[in-house]
Amino acid sequence: MAVNVPRETKAKRSGLLIRLLKLVFSFFPVMAPVAVFLIVFNSIIRSIPSLFMQNIIQLIEESSNQDWSSVGGKILGMVGVLVILYILSLAADVVFYQLMAIITQNTLKKLRQKMFENMQRLPIKYFDTNDHGDIMSHYTNDIDALRQMISQSLPQILMSATCVLVLFFIMIYFSVPLTAVVVLGVVLMTVFIRKIGGGSSKYFVRQQRSLGRLEGFAEEIMNGQKVVKVFCHEEESIKDFDRLNGRLFNDSNRANKYANTLGPLLYNIGNILYVIIAIVGGIFLISGMPNLSLKGAAFSISIVVPFLNMTKQFTGNINQVSHQINAVIMGLAGTKRIFELMDQPHEVDDGYVRLVNSVEAADGSVTETSERTSSWAWKHPHSADGSVTYTPLKGDVRMFDVDFEYEEGKPVLKGISLYAKPGQKVAFVGATGAGKTTITNLINRFYDIADGKIRYDGININKIKKDDLRRSLGIVLQDTNLFTGTVMDNIRYGRLDATDEECMAAARLSGADDFIQRLPDGYSTMLLENGSNLSQGQRQLISIARVAVADPPVMILDEATSSIDTRTEAIVQRGMDALMVGRTVFVIAHRLSTVKNSDVIIVLDHGQIIERGSHQELIDARGQYYQLYTGAFELE
Amino acid sequence: MLKTLAKSIREYKKPALLTPVFVIIEVILDCIIPFIIAELVNVIKDGGDLNDILKSGAVLAVMAVLSLIFGICAAHTCSDAACGFAKNLRADMFARIQSFSFENIDRFTTSSLVTRLTTDVTYIQDAYMMIIRTAIRSPLMLIFAFIMAFIMGGSMAWIFVFVVPVLGGGLFLIIKKAMPRFRSVFKKYDRLNASIQENIKGIRVVKSFVREDYENKKFGAAASDIARDFTIAERIVSLDAPLMQFCLYAVMVLNLTVGSYMIVTTGGTRFDVGQLSAFLTYGFMMLNSLMMLSMIFVMITLADESCKRVCEVLREEPTLSSPESPLYEVKDGSVEFRGVSFKYSKKAKRNALEHIELKIRSGETIGIIGGTGSSKSSLVQLIPRLYDVTEGSVFVGGEDVRSYDLDTLRNSVAVVLQKNLLFSGTIKENLRWGNKEASDEELIAACKMACADEFIDSFPDGYDTHIEQGGANVSGGQKQRLCIARALLKKPKIIIFDDSTSAVDTKTDAKIRAALKRYIPETTKIIIAQRTASVEDADRIIVMENGRISAIGSHEQLLGSSEIYRGIYISQNKSSVDESLAENMVKEGAD
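Those protein sequences? They're chains A and B, same order as listed.
The first sequence begins at 1 in my numbering and counts up by one.
The second sequence begins at 637 in my numbering and counts up by one.
Structural data, given as structure tokens:
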């Protein structure tokens, strides 16, 4: 998947970084500061050997007549201190890297969880309007980019920055003029980094885009590979692919050329800077120029040699930082997208009417109970007087003048009024796009109506808490979605506390039992990749069993049996009829045989109800339904 | 495996060979530089005059510039080589996929192919770049630095003989311990991502069953599990940086002690201050190249998996292809099955089709009906040779389908697939898949036949309306009608509809069939349908059950003779005898 790397202003980038760091520190209030401390501590220790080296060389210079005993003790003493510092540094190193492994992985875990949790609360509209592959890439590409940034780039940058700072002070301590030369060199390096690093990230972004395009194309073609074969369209698709492939090659080649050049360039600028320092140092030494330094020491070989090493270290660190630039840019782009998903506004739910288990007393009054009973009631608190009323759940759904549009100015439903009495079977018939599925989307509030009212057992559905509303509705969709797990797990998805027996009973009721028994492992057969090892019809049967086990008072069947052949459907139908006794059912089907025995058939056209009545009434009326029903004969 | 991949290097062989040459020169220069620096330091130390300093300085500067030039050359050639190799790999894979037969296609999922084409190739590209550049640079650097250290420091260089194996051995152990863990975590990671995908796709189910919290818990557990495993693996790998530091420190300390001892005791004759600092540089070079080597090793092992996956595609032989000297003309639209048995894969236990004997005359209209899994689609897919028969033969126009050129055959036998797709592009572009040269008039004529003309005209952009990927912005019925029009544009001798009007309303369905009858009477029409209404007017109807032909005959004949057919008909048309009577009345009323 392509990562979208938008152009960010500096302020926005640092804002993202600050937010990310805040989050990391809040996840690890102890570990994260300790890790930072260890980095700083370590980089200071790593800069110090230059000081020792300077001292040791000074001692060597001062020694005379090959007499080790005169300076040996002092040198060994200094080396001893160095060893202690090194041991400290190593200990810090070990601890730091272990901490970083824990911090990185757990930060990623928490971010993943936060994204996922937030995603569960997003309105259906988000999923309908965003490319699923794109949503997915938050969890793959963006998280991966972030991993590299947290575990490598940020610590490296912090370490190098501290090193550079400490070195800078040591250098000033030794010699200001030489430091000035180094700083000049570094300024030059920065110019190159900006120029080449900028070019490199520009093309890396382009490369990601080209890769995304190529991926999109390949996915589309390969999804329809059989169509390509049937139409002998192979040559053309190869031609199109080559075009995109060539573009990707250009971009990635340029990006890599820039990135590869940066290393040798900075390395050799470092070398040249080294030479310059040597020459300038040599000139100073020979000309006996007075040194300007915090130490106050005059120029000597014991200053120039360590200085040369520090120059190398200094430029080496800058080189290191430059290698992290791309990772940071990609990481921040990923961070931005991750935060965007985390910040997506939740599905709004102002509902306060709850669904509770109820007991009906002898006098007909309904009260709440915490036990699991087979009867349910709506608990309706009234804010005006603080009283609570209980309305038994019956499954009476009414719509009054409902208007709806997905996009502004494109009304999908206009003035829909209908009622479904408890226990009635209401069918929607009409051409694709007439608005059948939309009506069901409104009843369970996947989308909210623009105008009008929907009442459920007399309660405006906007007042009902969404979770409770949906719990009272069972839906079987045309596109079945099963989850990785056993057949049994998938049926139990309808009611998590259902026993195996209850799940099997539901499967029998929905006509799924027969084929499940014939699967290699029966109910324990693992379903993978949305049940790709089953036929579409078998998947539909399982999804019907899933809703049967949930046993909801209102059911919506949206083309639930469209892929089941008519003979099997007849079997399912019998089971469904058993299941539907006493339930309100909404059925959408294009097969008229499926809807014929409904109490009410509603014919929709372009978002409006044009006919309603029972099968017989509609046939008698000789209207649209009649036309649909007899269409095949009419032509003869 | 490498041989298979190497075939894709082709025109990028030159930069791939040049890169190591540049790299070798760069490494030699880089290794000499500290040597000259040591000279320079000594010149400075000994208070040599400015000329000497400038001389060594100039040599150094020239070498740095040379190293830079070769470095940049290597940077460019290795990028050319790696990106070019990746480009060819992608092109080869895609071309190979295009040559796949249906059987090949069935073996791979689209998403796995896409991953191979993108992520896997990127891994290989990076590893390849590493190999031709860094994998050559690092060992060379190690060796040269070692040689230089020996030339310069003599016995001092023995320090490295001890330290280098410590680092090498340590890194080896770390990698050996960590790699299997990483591999298993990556597998889990793939599964986690698959379950996220599942959740996104099935969000309507999640929400309608109010399972958000359940899903959160499930995901949380899986994510924690992975974080735990990842942390363990990463913690092992995290030991390598401290190990590297340890070796570096050891070199520093040993150098400083032994070095200063040698300088002092020999009065700087065998070893001097300049060499001491150069020596440290060599030490750093060696250790650093070892570190790089270990990183390369990890990258190569990771890329190894990608190589395997890419090779799987490149080595997949198309299971069917055109014969040596093929026929380029299909005489007529007759079809014959002779003793045909078929199974989807050699491993399958059961045949999908069993002993099929069938003759279809050119221009006949054939309906095929049967329950789910009765192999209706399998039967028709043998006609345009989308699969090859396991036994027996299929004849089209009097010739075995295996004797035709594949394009010729498939252009004469059009199939409207059950799982049909439109591609992103305008309606016109999509229709022209059927015939590149079709004129606008021909497009309109085909759409009229498929009853698509009407709704296309109702779109503001008409035939130039942009279709989104998979045809997401047209309804199911509209999509099917466009697919039919697309197939009609081929002007085929045989046209097969594999349940291709299931989302079209009955009236339009009948209209399309009537148009076919009227406008392309000579074309053989084979219609697979769920509804008996869609096949009632066919010349003959084939009833399929369990991979066999259970009955053949006209609607009326089958109503009498085939129990299955009658069963299907009744389930669709009459729920009870009473209703059937009522329905007959309705029928009469309509007539």
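Note that CB positions come from ideal geometry on N, CA and C, so glycine has one too.
Residue i vs residue j beta-carbon contact at 9 Å
i	j	result
B:Val887	B:Phe920	yes
A:Lys463	A:Tyr352	yes
A:Lys226	B:Leu1045	no
B:Cys883	B:Val799	yes
B:Leu641	B:Val946	yes
A:Ala578	A:Ala545	no
A:Gly575	A:Leu509	yes
A:Ile276	B:Gly693	yes
A:Tyr419	A:Asp403	no
A:Leu265	A:Val182	no
Rounded straight-line distance, which links the Cα of residue j to that of residue i
i	j	result
B:Val750	B:Leu938	18 Å
A:Lys239	A:Asp343	42 Å
A:Asp468	A:Ile449	18 Å
B:Leu653	B:Glu647	11 Å
B:Lys1231	B:Leu1018	Here chain B comprises residues numbered 637 to 1227, so residue 1231 of chain B is not present and cannot be evaluated.
A:Val3	A:Leu528	Caution is warranted here: a pLDDT of 40 is assigned to A:Val3, below 50, making its placement in the model unreliable, and no coordinate value can be reported.
A:Thr438	A:Cys503	30 Å
B:Glu675	B:Ser820	53 Å
B:Glu960	B:Pro816	48 Å
B:Asn835	A:His382	37 Å
A:Leu167	B:Thr905	32 Å
B:Phe1133	B:Lys1161	8 Å
A:Ile571	B:Gly1007	13 Å
Secondary structure of residue i, DSSP reduced to three states
i	result
A:Lys414	strand
A:Glu368	strand
B:Tyr918	helix
B:Ser1216	For B:Ser1216, the pLDDT reaches just 41, beneath the cut-off of 50, and the residue's location in the model is therefore unreliable, leaving the point undetermined.
B:Glu1027	strand
B:Asp1134	strand
B:Leu696	helix
B:Lys995	strand
B:Lys967	coil
B:Thr640	helix
B:Thr1144	helix
B:Thr754	helix
B:Val1222	Only weak support exists for where B:Val1222 lies, its pLDDT of 41 falling under 50; the value from the coordinates is given anyway. In this structure, B:Val1222 counts as helix in the three-state DSSP scheme.
A:Ala362	coil
B:Gln911	helix
B:Leu778	helix
B:Ala869	helix
A:Leu294	coil
Sheet register partners of residue i (DSSP bridge)
i	result
B:Gly1006	B:Met1180
A:Pro381	A:Val388
B:Ser977	B:Glu1027
B:Ile1164	B:Ile1004 and B:Asp1134
B:Leu809	In DSSP, B:Leu809 forms no bridge with anything.
A:Ile602	A:Phe428 and A:Arg612
A:Phe404	A:Leu413
A:Ala420	A:Val397
A:Lys453	A:Phe400
B:Glu972	B:Lys995 and B:Phe1031
B:Val934	DSSP output for B:Val934 lists no bridge partner at all.
Which runs of the alpha helix (DSSP H) fall wholly inside the segment 1013-1086 of chain B and span at least 4 residues, in chain order?
Counting only runs of 4+ residues, the alpha helix (DSSP H) found wholly inside the segment 1013-1086 of chain B occupies 1042-1048, 1063-1067 and 1076-1085, in chain order.
Quick check on the DSSP output: what are the complete alpha helix (DSSP H) runs of length 4 or more inside the segment 105-191 of chain A, in order along the chain?
Qualifying alpha helix (DSSP H) stretches, in chain order: 124-129, 132-137, 143-148 and 154-174.
Note down, one range per segment and in chain order, each beta strand (DSSP E) of at least 3 residues found wholly within the segment 558-596 of chain A.
Listed in chain order, the complete beta strand (DSSP E) runs (minimum 3 residues) inside the segment 558-596 of chain A are 584-588.
Sequence ranges, alpha helix (DSSP H) only - wholly within the segment 10-34 of chain A, length at least 4:
Entirely contained in the segment 10-34 of chain A, the alpha helix (DSSP H) runs reaching 4 residues are, in chain order, 10-27.
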